[in-house]
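In the numbering used here, the protein residues as written are 1 to 215.
Beta carbons: idealized from backbone N, C-alpha and C, even for Gly.
Shown next, in structure tokens, is the structure this report addresses.
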């Protein structure tokens, strides 16, 4: 272990090695100020290492940023906790509102970190090649679809509807709420939408996936 590395890790940063220390440092910067204009020098200064150290552990800045973004999304999801509903518990309509609220909070928390990356396609390519930061098979769409299928199995939602399509509608609505504000500066990005936003989504979904009355 080099003296420089030992000094950094002795100072209480806590990562097992310098590579992890650099990823964690970049992740903290992203969570505070996003990715736009983030430089190697800024990351190195925050990590308290020489600029060139980063290139000893990563193919380039793009790889480091992609890894830090991955960690940032994972940390956001962990901070929010899992989907706040369980099949068979509570009222289905209220549960769907909670699903929409959770999706909005999740997207509002992590999407701003991607705002500075439209001119950095290599970062996006590297990020996309990584495993889902929310867990393999446990992205928001997959979790929502699993919940809806479980409710279908209990007879609380129509078995004829597509749980995957309904989950995609919820996720798409969350994107629609966040992305215009993020991309076009059309307003701040509150984690909560007006009640009529969630109400409209839930009402529309229930018209399509509520159990049909027996003939």
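- Query: Okay, do the segment 65-85 and the segment 175-184 touch, 3+ Cβ pairs below 8 Å being the bar?
  - Reply: no
- Determine the DSSP secondary structure at residue 130, reduced to helix, strand or coil. Walking along the chain shown from the start, residue 130 turns up at place 130. Of the three classes helix, strand and coil, the one that applies to residue 130 here is coil, per DSSP.
- Task: Please list, in chain order, all residues of the same chain as residue 170 whose beta carbon is under 7 Å from its beta carbon, the five residues on each side excluded.
- Result: To locate residue 170, count along the chain shown from 1; it is residue 170. If we look at residue 170 and ignore the five residues flanking it on each side, its Cβ neighbours are 99, 100, 103, 144, 201.
- Enclosing alpha helix (DSSP H) for residue 92 [first to last residue]: Here residue 92 refers to the residue found at position 92 when the chain shown is read from its first residue. Residues 92-110.
- Find out if the Cβ-Cβ distance for the pair residue 94, residue 154 is shorter than 8 Å. The residue you call residue 94 lines up with position 94 of the chain shown. The residue you call residue 154 lines up with position 154 of the chain shown. No, they are not a contact pair.
- Query: Counting Cβ pairs closer than 8 Å, one from the segment 77-85 and one from the segment 28-36, do we hit at least three?
  - Reply: no
- Are the CB atoms of residue 165 and residue 152 nearer to each other than 8 Å? The residue labelled residue 165 in the question sits at position 165 within the chain shown. The residue labelled residue 152 in the question sits at position 152 within the chain shown. Cβ atoms of residue 165 and residue 152: not closer than 8 Å.
- Pairwise C-alpha distance: residue 48 and residue 129: Translated into the one-based positions of the chain shown, residue 129 becomes position 129. Translated into the one-based positions of the chain shown, residue 48 becomes position 48. So the alpha carbons of these two residues sit roughly 29 Å apart.
- Query: Looking at C-alpha atoms only, which residue of 139, 172, 205, 196 is the closest neighbour of residue 77?
  - Reply: Start at 1 with the first residue of the chain shown, and residue 77 comes out as number 77. Checking every option, the nearest Cα to that of residue 77 belongs to 139.
- Message: Under 8 Å, Cβ to Cβ, is there at least one residue of chain C near residue 179?
- Response: Annotation note: the requested chain C is absent from the structure, which comprises a single protein chain.
- Task: Let me know if residue 115 comes out buried or exposed under the rule of 16 or more other beta-carbons within 10 Å of its beta-carbon.
- Result: Locating residue 115 in the chain shown gives position 115, counting from the first residue. The residue is exposed, with fewer than 16 neighbouring Cβ atoms inside 10 Å.
- Go through its chain and collect everything with a Cβ distance to residue 15's Cβ below 6 Å, but skip five positions before and after it. Counted from its first residue, the chain shown places residue 15 at position 15. Interpretation of residue 15 is limited by its pLDDT of 43, a score under 50 that renders its predicted location unreliable; the figure taken from the coordinates is listed afterwards. Excluding residues within five positions, the ones whose Cβ falls inside 6 Å are 21, 24.
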